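Numbering (this note's numbering), first residue to last: 12 to 395.
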């Protein structure tokens, strides 16, 4: 192999695929990156066998070939080179050292035979659905964090992605909270889609989606074991492939409360501030924050009120009064400050609404005017 490419573009490409490099693995090859010519481009590939990322870098190809070298070493060396300068790459075939030169800086990076590198899919002839990148990133941000972090129930460590007609939905739950996000697309798929994608894969995909002009193509392989995301941007093209999780995802719509005895509407920023202050004390008491909700008077002269508090036996306590519209019954409820802060962080509306049915029932949190997103949090036990 003998090529030349620009340092900035090579560095960016290595950073992209670096998210899929295997760590703490018994297979050293998974710590490598595959560097290969592909027409008039340089193809970079990394995988940990569950997640694979391929991206392409513009290059001047003088001689075709490929190499497999340690990803971290290569990335650190390229990042240290002068920005905007040409980097020449030579050798690497059949495990020979890869020679890199940039101006007066040179290095030889030892690798292994590229034939040993695991294959990573980059395309499939199955129908694909196109999703605007900004929309899809918003959906991922609002749902993926609710997936379970342990593997006791594997399906809950993933995100259920469904496509019926032109309606796309993402759903996740960890047993303490759940999130459902829907979007109406211009075009759908010939057949319904219902798969479970590891939350980590979607999170990594979200990090790739940055520009407003990005478009994501989503397709599932014919054997329904992998999902492919093709991201096209002004800067190039990247394919992320992930394994699919097996199993039946629970019907979360059945868990969402359909009625509420108390409804609260409050400015999101006011509630965020109150929760952030309360969390200082809550961290010494299992992260429990308590909400006291008092409806306004029927004549409208006395406004409703929300009191947010936290108490730590060894440290102290805190109370914040938050102006709110409270309708229905007077009640109280306790939440994890982390869980409540998470959902308030992904909502972008000026006001949020809480729907409650008492201190022991799950609560619905939603943005006012954002009917496409539903979040449910289980209450916590309060000592008071």
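Don't be surprised by glycine CBs; every beta carbon is placed ideally from N, CA and C.
Bear in mind that the values here come from a model prediction, so they are computed numbers and not experimental data.
Whole-angstrom C-beta distance between residue j and residue i, which should lie under 8 Å
i: residue 250; j: residue 133; result: 5 Å
i: residue 208; j: residue 170; result: 5 Å
i: residue 383; j: residue 192; result: 6 Å
i: residue 82; j: residue 16; result: No, residue 82 and residue 16 are not in contact; Cβ-Cβ is about 17 Å, not under 8 Å.
i: residue 158; j: residue 185; result: 6 Å
i: residue 306; j: residue 337; result: 4 Å
i: residue 322; j: residue 292; result: 7 Å
i: residue 231; j: residue 204; result: 7 Å
i: residue 113; j: residue 97; result: 7 Å
i: residue 201; j: residue 130; result: Residue 201 to residue 130, Cβ: 28 Å. No contact.
i: residue 25; j: residue 85; result: 6 Å
i: residue 238; j: residue 365; result: Rounded, the Cβ-Cβ distance is 34 Å, inconsistent with contact.
Which residues DSSP lists as bridging residue i, in chain order
i: residue 331; result: 319
i: residue 101; result: 13 and 110
i: residue 143; result: 226
i: residue 241; result: 228 and 250
i: residue 366; result: 274 and 375
i: residue 343; result: 303
i: residue 116; result: 113
i: residue 205; result: 173
Assigned secondary structure, residue i (DSSP; H/G/I helix, E/B strand, else coil)
i: residue 214; result: helix
i: residue 374; result: strand
i: residue 125; result: helix
i: residue 23; result: helix
i: residue 313; result: coil
i: residue 197; result: coil
i: residue 174; result: strand
i: residue 168; result: helix
i: residue 292; result: helix
i: residue 235; result: coil
i: residue 304; result: strand
i: residue 137; result: coil
i: residue 397; result: Since the first and last residues shown for the chain are 12 and 395, residue 397 lies out of range.
i: residue 279; result: helix
i: residue 160; result: coil
Among the options, the one whose alpha carbon lies nearest that of residue i
i: residue 379; options: 362, 370 and 368; result: 362
i: residue 285; options: 301, 270, 273 and 296; result: 301
i: residue 387; options: 190, 178 and 325; result: 190
i: residue 343; options: 359, 200 and 273; result: 273
i: residue 41; options: 178, 80 and 150; result: 80
i: residue 38; options: 330, 56, 213 and 60; result: 60
i: residue 391; options: 349, 116, 354 and 131; result: 349
i: residue 152; options: 304, 335 and 182; result: 182
i: residue 143; options: 44, 108, 220 and 45; result: 220
i: residue 75; options: 334, 260, 105 and 49; result: 49
i: residue 385; options: 369, 371 and 357; result: 357
i: residue 27; options: 218, 265 and 210; result: 218
i: residue 248; options: 228, 283 and 269; result: 228
Test: residue i CB closer than 8 Å to a CB of chain B
i: residue 182; result: Absent from the structure is chain B; it holds one protein chain and no more.
Proximity test, residue i beta-carbon vs the ligand NAD heavy atom, cut-off 7 Å
i: residue 306; result: In the structure on display, the ligand NAD does not appear, and there are no ligands present to speak of.
>> Which runs of the beta strand (DSSP E) at least 3 residues long sit entirely within the segment 20 to 100? Give them in chain order.
In response: Counting only runs of 3 or more, we get 43 to 49, 52 to 58, 62 to 69, 71 to 74 and 77 to 81.
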